[in-house]
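The sequence shown begins at 160 in our numbering and counts up by one.
Backbone N, C-alpha and C define an ideal beta-carbon position, used for all residues, glycine too.
Here's the structure we're looking at; comments come further down.
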Amino acid sequence: MLPEGELDPRLIPGLLCGSATVFLAMKWMRRRQTVKKVEEARKRREESFRQMEDAVLTFERQNGKINTDDIVSMPLVELAAKLRGGSITPDTALYAYIGKALEVHKQVNCLAGFIPECEAQLKEMKKERAKGLLYGVPVSIKEHYGYKGHDSNCGLACYLNTPEQKDSVMVQVLKKQGAIPFVKTSASQSMFNFDCSNPINGQTLNPRNHKKTPGGSSGGEGALIGSGGSVLGFGSDIAGSIRVPSSFCGLCGLKPTVSRLSLKGIASPVNGLSSVQSMIGPMARDVDSLVLCLQALLCEDMFRLDNTVPPIPFNENLYSNSTPLRVGYYDTDGYTMPVPCTRRAVLDTKKLLQQAGHELIQFTPPRVDYVAIELFTKGIFADGGSTLLDAFEGDIIDTNLKSQISVYKLPRWTKKILSFFLKPLFPRIADELNALCGVRSAKELWAHHAAIQAYREEFIDEWKNLKLDVLLCPAMGPALNIGVLGKLWDASTNTHLFNVLNFPAGVVPVTIVIEDDEEQLKQYKGHYNDHWDNLLKQAARGGVGLPVAVQCVALPWQEELCLRLMKEVEQVTHHRRRRCSL
């Protein structure tokens with residue numbers, strides 16, 4: 160007989176078995192709850208689309224059929240002028256875009272849901288005399304932009320059924336400028352993927368080729384605007400999530416300097432990142448739309464509602480200056496070799512800018528391999544990915560993220576061992592695995608912050624030594640096959656370099672993929688001729704006719720100068736783009 164209080168060892172297997180059973184039962188119950196939440200969210204989403212259809216039908220019964228094509232094909236600047244002047248009513252514009260967005264959604268699955276409050280906002284606007292720069296303009300917003308009464312779930316079940324208590328500052332300022340947010344657009348689950356799908360909304364398709372992704376994580380915006388379902392939309396960007404879908408869908412998109420626009424009320428599954436920070440920005444069909452957007456948003460309301468936003472209004476003189484620019488350029492960063500059509504796009508644009516009177520100077524970005532591994536990946540995953548993984552606890556993992564999440568879940572020691580053994584054969588993958596281990600102490604994190612600051616100073620010193628005004632370089636593109644980007648971890652250095660640097664950067668479509676590009680792609684080996692280079696080559700195939708963009712960059716707080724280069728590029732490539740699209 161055992162002394163009182165001691166456990167009979169014979170009972171231990173049964174207790175362990177019982178504990179395991181309880182654990183598995185609890186896990187199964189959480190899973191069932193998640194499935195139920197997702198199913199309910201899908202039903203609400205479908206109901207919102209029925210509301211969109213009913214809203215358009217009701218308006219047309221009362222006012223007659225809308226001539227949708229004329230309105231949705233109109234450039235933003237022209238539409239905004241006609242709305243302010245009264246030749247087009249806000250009612251007509253709103254319901255035209257509701258109808259068009261619903262039509263587009265049925266083709267590419269780009270919407271997260273309808274914002275029915277737009278109808279009430281429309282009625283309130285009629286009582287106001289003041290007309291902002293975006294008066295009556297229907298706009299779309301990425302799903303995680305806070306809108307009162309709506310979830311900002313980032314494609315994750317854990318954030319379902321938690322409606323926002325108030326509008327984000329961006330939504331408030333848009334409304335004060337007269338814009339009418341009318342739909343939320345889909346994003347990749349957690350927004351840590353360059354594809355665009357999640358278990359709630361499903362897969363979004365590229366409007367130009369349904370076998371291709373629209374890019375991510377702001378892919379819903381890219382697909383909607385690229386199909387004519389919105390004239391102005393808003394995404395977010397921590398590695399290229401505005402610029403990649405803009406590039407893939409043939410749009411213009413701008414990632415501003417961090418804090419140039421307010422992040423207050425914008426949801427994220429990973430808060431507290433400071434090594435590399437996310438930023439929000441506009442996406443549209445042309446540069447003039449982005450300019451009008453920033454002119455409207457950089458206003459007293461923005462600065463009053465969020466005191467962390469520097470009160471720097473849009474600098475019209477900097478944007479409108481006609482002095483020839485000193486433009487640095489490169490067609491590869493030495494780490495991610497762009498595919499042939501993208502390199503051609505940069506070099507052709509360089510020649511056209513020279514012909515227009517600008518001075519082009521070759522620039523070599525320093526140590527991009529170091530940036531990719533030591534600064535970007537180690538900064539984004541300083542915690543080893545644990546915060547992001549917490550958001551996935553008990554969730555359905557989207558197909559496009561399974562390979563990523565599987566790697567993030569590996570124990571630190573496993574990543575280290577795999578990195579050691581893979582180093583001789585796959586050095587880039589080995590380095591990436593090592594960086595995914597993150598940092599182990601506050602001291603290491605501070606050293607990492609100092610390393611980023613030192614790199615920024617190094618980059619700016621080189622920029623100033625060459626007396627550059629702006630920079631022309633590759634964007635990611637053309638659109639890649641669906642399902643690849645979750646496996647191609649490090650194809651984004653051309654964009655995420657400027658997130659590390661915190662420079663404003665935008666993309667402009669300049670050409671399309673032609674047959675000769677497709678032939679040259681067969682010889683593509685990249686800089687490393689490794690698994691990732693081969694994967695990129697395979698994913699870019701079949702792109703004839705897809706848009707190809709270039710990237711334009713300026714120093715921090717000089718969004719206007721970035722936009723000026725974007726406008727110059729748009730003008731010098733106008734006829735070429737037109738010929739290619741015929």
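C-alpha distance - residue i paired with residue j, whole-angstrom precision
i           : j           : result
residue 604 : residue 541 : 7 angstroms
residue 359 : residue 330 : 23 angstroms
residue 386 : residue 697 : 26 angstroms
residue 393 : residue 314 : 17 angstroms
residue 472 : residue 505 : 31 angstroms
residue 328 : residue 248 : 26 angstroms
residue 398 : residue 357 : 19 angstroms
residue 438 : residue 424 : 13 angstroms
residue 667 : residue 512 : 14 angstroms
residue 688 : residue 589 : 15 angstroms
residue 434 : residue 333 : 29 angstroms
residue 213 : residue 276 : 14 angstroms
residue 348 : residue 482 : 44 angstroms
residue 370 : residue 378 : 14 angstroms
residue 675 : residue 705 : 13 angstroms
residue 497 : residue 525 : 17 angstroms
residue 618 : residue 657 : 11 angstroms
residue 557 : residue 728 : 38 angstroms
residue 662 : residue 476 : 20 angstroms
residue 742 : residue 466 : Here the chain covers residues 160 to 741 and nothing more, so residue 742 does not appear.
Opening and closing residue of the alpha helix (DSSP H) in which residue i lies
i           : result
residue 462 : 459 to 464
residue 158 : Residue 158 cannot be examined here, being either before or after the span of the chain that is shown, 160 to 741.
residue 140 : Summary: the structure shown does not reach residue 140, with the chain confined to residues 160 through 741, and so no result is reported for it.
residue 698 : 690 to 699
residue 670 : Per DSSP, residue 670 belongs to no alpha helix (DSSP H); it is in the beta strand (DSSP E), 664 to 671.
Residue i and residue j closer than 9 angstroms at C-beta
i           : j           : result
residue 261 : residue 211 : yes
residue 508 : residue 636 : no
residue 592 : residue 581 : yes
residue 373 : residue 408 : yes
residue 432 : residue 461 : no
residue 299 : residue 234 : no
residue 301 : residue 395 : yes
residue 402 : residue 654 : yes
residue 640 : residue 700 : yes
residue 664 : residue 710 : yes
residue 487 : residue 520 : yes
residue 238 : residue 296 : yes
residue 453 : residue 415 : yes
residue 495 : residue 651 : yes
Residue span of the beta strand (DSSP E) that contains residue i, given as start and end
i           : result
residue 523 : Unbroken run through residue 523: none, as it is neither H nor E.
residue 299 : 297 to 301
residue 632 : 629 to 633
residue 506 : Segment 499 to 514 is the alpha helix (DSSP H) holding residue 506; no beta strand (DSSP E) there.
residue 485 : 485 to 488
residue 396 : 391 to 396
residue 344 : 339 to 344
Same chain only: Cβ atoms within 8 angstroms of residue i, ignoring 5 sequence neighbours per side
i           : result
residue 291 : 335, 336, 337, 338, 455
residue 228 : none
Same chain, Cβ closer than 6 angstroms to residue i, five either side skipped, listed in chain order
i           : result
residue 694 : 647
residue 723 : 478
residue 207 : 272, 273
residue 740 : Note that residue 740 scores 46 on pLDDT, short of 50, meaning its location in the model is unreliable and no value can be drawn from it.
Cβ neighbour criterion (16 or more within 10 Å) applied to residue i
i           : result
residue 612 : exposed
residue 583 : exposed
residue 579 : exposed
residue 514 : exposed
residue 726 : buried
residue 306 : buried
residue 161 : With a pLDDT of 49 at residue 161, under the threshold of 50, the modelled position of this residue cannot be trusted, and the question is left open.
residue 391 : buried
residue 587 : buried
residue 718 : buried
residue 738 : Any reading at residue 738 must be qualified, since the residue scores a pLDDT of 45, below 50, and its modelled position is unreliable; the value itself is stated next. Under this definition residue 738 is an exposed residue.
residue 730 : exposed
residue 565 : exposed
residue 268 : buried
residue 289 : exposed
residue 388 : buried
Own chain partners of residue i with C-beta closer than 7 angstroms, once the 5 adjacent residues on each side are dropped
i           : result
residue 246 : none
residue 703 : 672, 673, 674, 677
residue 535 : 435, 655, 659
residue 596 : 543, 571, 574, 575
Cβ-heavy atom distance, residue i to the ligand ATP, below 8 angstroms
i           : result
residue 572 : For the structure depicted, the ligand ATP is absent and the ligand set is empty, with no information on it obtainable.
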